[in-house]
Amino acid sequence: MKKIYVLMLAGLLFGGCNDFADDINVNPNKPSVASGTQLIANAEFYLPGLNSAPQGEFFSQHLAETLYPGASLYNTVNFNYYGLYSGPLMNLETVLNTDDLDAKEGPVNNQLAVAKILKAYFFWNITDRWGDVPYSEALKGDDNFTPKYDTQEAIYNNLFQLLEEANSMVVPGKISNDIVYGGDAGKWQKLANTLRLLMALRLSEVDATKAQAEFNKALEAGTMTSNGDNFVYKHLPEEVNENYWYSQVGRQKRLWWALSENLVDHMKPVEDPRLPVFGNKNEEGYYVGLEYGKAEASNESKYSLLGTAIWKQDAPVYLVTYAQVLFAKAEAAKRGWIPGGDVAAADFYKEAISLSVLQWTGTTTGVSELLTQPGVAFEPAKAIEQIATQRWIHLFMNGYEAWAEWRRTGYPDLSAASGGKQVPTRQGYPTEEQFNNTANYNEAVQRQFGGTDGLYGQLWWDK
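Below, the structure written as structure tokens:
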């Protein structure tokens, strides 16, 4: 997090560099127009933090802890979202509430559209981790220090609208300073519709009618069509913007994370070509997963530690990908939301696995063999389970999203931690909310969870 603040500060102080709009140097203390794209870039710096967190990998059980297993045993109840509000969301809200954005930085419509898309993405992540959260009254600064908690249903409905607005307002022309898509408005449109598609799927168990309608609207508007459309944060081979896992494993030599036994057991028997990327062989030359949830420390040399390609200094962070679209379409076909039935579901499923392997390995070598393996070969009677399991594998290192999909589908089976602690179904609110926003906090906890702010309350869509 410290690096993110450094980057934000650098962006604010060095606006005259080639990476940011030169015109703000007319008066560095009072620019004549707001640099919307600089604020957008500052928000983008927070994106890898949504994925690069050990807790996300523990909740999804992709990784198991070797040296300090207590960190993975679901002992932490309350997690803080304040930094997401005061950082990226406040930057984006400033863009959306500014009347004098600089058209020299690209079409104002596109600056606003990108800000809306990113706002939706951050809030989607927040509500899927905590549940009801401040939304409609949030980000008001001095005007409201105690915002109400909007229901998750209301937040989802507003985010659908926000993404639809963003898609419809895009015009030809690039914006500057965009460190993710290089200002490509078409890719931002595809992302907006892809987010809408994935959010719609999340509602499959709580409101299938609404889910199907939003899903098809997103498809009609146009989602990702190749891996080239992937929403990826690309780190640099330099300390100021390096991958989080490099700072942990490469720089600090923390060999604390091994592939979970569950993950290896799904991949090794079918010779999944992604396994050598996800993890390294142990000292004896084998892929061995570590049982998740053990209370005692383990000898890291006996297990497959996090793969070198994953923790390279400039390793990218995959946030939203085309393979996710294909897995979603496979499930939608199976559910009857889109035409084609089992035939279409099988085709989308196979293509999703192929594009996942391509994303992670750079080649489709081994895909044909993988698709014929027992348990992987498409079976209509087990389609939802197979799609969900392969999506879970694909979402490696995108732990919070994998965890959300596990909560929705129940697949794959995940292990109880030491002491019988089950996988959490949410994260507790920041402890500060009990004092900073007492009345609204108490009302939200009572309304959703009967007064207990813990790890095991069910969110609105997880019913």
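All letters in the sequence shown, in the order written, are residues -21 to -1, 1 to 442 by mature numbering (1 follows the signal peptide of the UniProt record, and there is no 0). Using N, Cα and C, we set each Cβ at its ideal position, and we do this for glycine too.
{"Query": "Contact belief for Gly35 with Trp382 at Cβ below 8 angstroms, rounded distance in angstroms", "Result": "7 angstroms"}
{"Query": "Three or more C-beta pairs below 8 angstroms linking the segment 204 to 214 and the segment 232 to 249", "Result": "no"}
{"Query": "Inter-residue CB distance, Val112 and Tyr135 (contact presumed, cutoff 8 angstroms)", "Result": "That belief does not hold up - the Cβ atoms of Val112 and Tyr135 are roughly 12 angstroms apart, past 8 angstroms."}
{"Query": "Beta-bridge pairing of Tyr212 - partner residues as DSSP gives them", "Result": "Val296"}
{"Query": "Simplified DSSP state of Glu44, which is helix, strand or coil", "Result": "strand"}
{"Query": "Pair within 9 angstroms by beta-carbon distance, Tyr60 and Ile105", "Result": "yes"}
{"Query": "Supposed close pair Val228, Leu285 - CB separation, criterion 8 angstroms", "Result": "6 angstroms"}
{"Query": "Start-end ranges of the alpha helix (DSSP H) lying completely within the segment 361 to 391, minimum 4 residues", "Result": "362 to 373, 378 to 388"}
{"Query": "Three-pair Cβ contact test at 8 angstroms for the segment 211 to 224 versus the segment 161 to 172", "Result": "no"}
{"Query": "Cα-Cα separation between Val256 and Gly430, rounded to whole angstroms", "Result": "44 angstroms"}
{"Query": "Contact check, Glu218 vs Arg230, beta carbons under 9 angstroms", "Result": "yes"}
{"Query": "Cβ distance (whole Å) where Val304 is taken to contact Thr388 below 8 angstroms", "Result": "Rounded, the Cβ-Cβ distance is 17 angstroms, inconsistent with contact."}
{"Query": "Phe375 versus Glu412, Ala302, Gln427, Val402, residue with shortest Cα-Cα distance", "Result": "Ala302"}
{"Query": "Three-state class that DSSP yields for Val267 in the structure shown", "Result": "coil"}
{"Query": "Contacting residues, own chain, Cβ-Cβ under 7 angstroms from Ala288 (five flanking each side not counted)", "Result": "Val256, Ala294"}
{"Query": "Coarse secondary structure for Asn241, derived from DSSP in three states", "Result": "helix"}
{"Query": "Cβ shell of Lys329 (< 8 angstroms), same chain only, five flanking positions each side left out", "Result": "Leu350, Phe357"}
{"Query": "Completely contained alpha helix (DSSP H) runs for the segment 85 to 164, where each covers 4 or more residues", "Result": "87 to 109, 131 to 148"}
{"Query": "Beta carbon of Leu97 nearer than 9 angstroms to that of Glu143", "Result": "no"}
{"Query": "Alpha-carbon spacing of residue 443 relative to Val424, whole angstroms", "Result": "Nothing can be reported for residue 443: it is not among the residues displayed for the chain, which extend from -21 to 442."}
{"Query": "Collapsed DSSP secondary structure at Trp167 in the structure displayed", "Result": "helix"}
{"Query": "Which of helix, strand or coil DSSP assigns to Asn57", "Result": "strand"}
{"Query": "Best match in Val185, Val149, Asn156 for proximity to Leu170 [C-alpha to C-alpha]", "Result": "Val149"}
{"Query": "Cβ neighbours of Gln437 in the same chain (closer than 7 angstroms, five flanking residues each side left out)", "Result": "Thr404"}
{"Query": "Separation of Asn137 from Tyr265, as counted between CA atoms", "Result": "49 angstroms"}
{"Query": "Under the three-state DSSP convention, the category Gly430 falls into", "Result": "coil"}
{"Query": "Cα-Cα separation between Asn261 and Ser280, rounded to whole angstroms", "Result": "6 angstroms"}
{"Query": "Alpha helix (DSSP H) segment containing Ala323, residue limits", "Result": "320 to 340"}
{"Query": "Proximity to Ile363 [Cα-Cα], best of Lys213, Phe306, Ser155", "Result": "Phe306"}
{"Query": "Bridge-paired residues (DSSP) for Trp236", "Result": "Glu44"}
{"Query": "Limits of the unbroken alpha helix (DSSP H) element including Val346", "Result": "346 to 349"}
{"Query": "contact_flag[the segment 40 to 51, the segment 231 to 245] where n(CB pairs < 8 angstroms) is 3 or more", "Result": "yes"}
{"Query": "Element boundaries [alpha helix (DSSP H), containing Tyr314]", "Result": "The sequence as given places Arg at residue 314; Tyr does not occur at that position. Where Arg314 is concerned, the enclosing alpha helix (DSSP H) stretches over 301 to 314."}
{"Query": "Residue burial classification, Phe327 (beta-carbon count within 10 angstroms, cutoff 16)", "Result": "buried"}
{"Query": "Beta-carbon gap between Ser39 and Tyr379 smaller than 9 angstroms", "Result": "yes"}
{"Query": "Proximity of Asn241 and Pro391 at Cβ, strictly below 9 angstroms", "Result": "yes"}
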